[in-house]
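All remarks here apply to the structure that follows.
Protein chains in written order, with my numbering: chain A, 54 to 163; chain B, 16 to 127.
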């Protein structure tokens, strides 16, 4: 099956700092999503971005489908940004299997 | 409305119990999913239903039995579970292939 690797696995930053999270995947995809999992386990949709660039407030994401990677940018980090960030992909050969990456645990220190 | 509702939020059950997890969505989505997430790991796919029919079973043990009574509801029936089955169980739905998926808050299951 498709392999999805995220880096870095852990990231500790001071409040106000910027960060870049990376997601590499092994096959072409027709769906790529970024999620933030809060401490209670809820997966919050951040971006649906199989290709291109999107921005939502302090967050933005870019997917370069031809090179099989996606980046999530967080600017001016806040303590509420803490949690685990997952990318999840569905391969192009269309079997509705959304596979999650390994995750990045982000900790923002006040 | 992008809400997927799961009940209960927490469940403690003995190894001889039978229980059910429930999931509901009213977004008109045709695909519904069960995922299992162990601590400090990513969610792992268990089952996919498409148009109320089971389309994917990721070799899940038979002590987990999914059911899709209608297009809005998804159940997961649990029987004779083991302590290692303790995990967060997440339900999701989407319009199908290539569409973005939305997740419920999960049921945190503890098997004693």
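Cβ coordinates follow ideal geometry from the N, Cα and C atoms, glycine included.
Sub-8 Å separation of residue i and residue j beta-carbons
i	j	result
residue 69/B	residue 122/B	no
residue 87/A	residue 78/A	no
residue 50/B	residue 105/B	yes
residue 52/B	residue 149/A	no
residue 124/A	residue 74/A	yes
residue 14/A	residue 156/A	This structure gives no information on residue 14/A, because the portion of chain A shown stretches from 54 to 163.
residue 90/B	residue 82/B	yes
residue 126/A	residue 113/A	yes
residue 81/A	residue 145/A	yes
residue 74/B	residue 41/B	no
residue 83/A	residue 115/B	no
residue 76/A	residue 154/A	yes
residue 38/B	residue 28/B	no
With 16 other Cβ atoms within 10 Å as the buried cut-off, status of residue i
i	result
residue 143/A	buried
residue 127/B	exposed
residue 109/B	buried
residue 85/B	exposed
residue 44/B	buried
residue 25/B	exposed
residue 152/A	buried
residue 117/A	exposed
residue 19/B	buried
residue 65/A	exposed
residue 66/B	exposed
residue 92/B	exposed
residue 94/A	buried
residue 130/A	buried
Boundaries (first-last residue) of the beta strand (DSSP E) holding residue i
i	result
residue 22/B	19-22
residue 51/B	46-52
residue 28/B	25-28
residue 132/A	Per DSSP, residue 132/A belongs to no beta strand (DSSP E) and is neither H nor E.
residue 126/B	122-126
residue 155/A	Premise fails: residue 155/A is in no beta strand (DSSP E) and is neither H nor E.
Contact set between residue i and chain D, taken where Cβ atoms lie within less than 7 Å
i	result
residue 139/A	Among the chains of the structure shown, chain D does not appear; the protein chains present are A and B.
Residue i beta carbon near the ligand GDP (any heavy atom closer than 7 Å)
i	result
residue 105/A	The ligand GDP is absent from the structure shown, which contains no ligand whatsoever.
Subject >> Length-filtered (3 minimum) beta strand (DSSP E) runs lying within the region 61-128 of chain A >> reply: The region 61-128 of chain A contains these whole beta strand (DSSP E) runs: 63-67, 72-78, 82-90, 96-101, 105-109, 112-117, 122-127.
Subject >> Contact set between the region 85-116 of chain B and chain A, restricted to residues whose Cβ is under 9 Å from the partner >> reply: Within the region 85-116 of chain B, the qualifying residues are 103, 105, 107, 109, 111, 112, 113, 114, 115, 116.
Subject >> Contact residues within the region 48-62 of chain B, judged by C-beta distance below 9 Å to chain A >> reply: Residues 48, 50, 52, 55, 56, 57, 58, 59, 60.
Subject >> Interface residues of the region 141-153 of chain A facing chain B [CB-CB below 8 Å] >> reply: Within the region 141-153 of chain A, the qualifying residues are 141, 143, 147, 148, 149, 150, 151, 152, 153.
Subject >> Residues within the region 80-94 of chain A neighbouring chain B, beta-carbon criterion of under 8 Å >> reply: Hits within the stretch, in order: 83, 84, 86, 88, 93, 94.
Original post:
Which residues, in order along the region 63-79 of chain B, keep a beta-carbon less than 9 Å from a beta-carbon of chain A?
Top reply: Going along the region 63-79 of chain B in chain order, one finds 63, 65, 70, 71, 73 with a Cβ nearer than 9 Å to chain A.
Original post:
If you measure beta-carbon to beta-carbon, which residues of the region 97-125 of chain A are closer than 7 Å to chain B?
Top reply: Close to chain B, meaning a Cβ-Cβ distance shorter than 7 Å, are the following residues of the region 97-125 of chain A: 98, 101.
Original post:
Which full runs of the beta strand (DSSP E) of 3+ residues lie inside the region 59-117 of chain B, going along the chain?
Top reply: DSSP runs (the beta strand (DSSP E)) wholly in the region 59-117 of chain B: 59-65, 68-72, 79-85, 88-94, 102-109.
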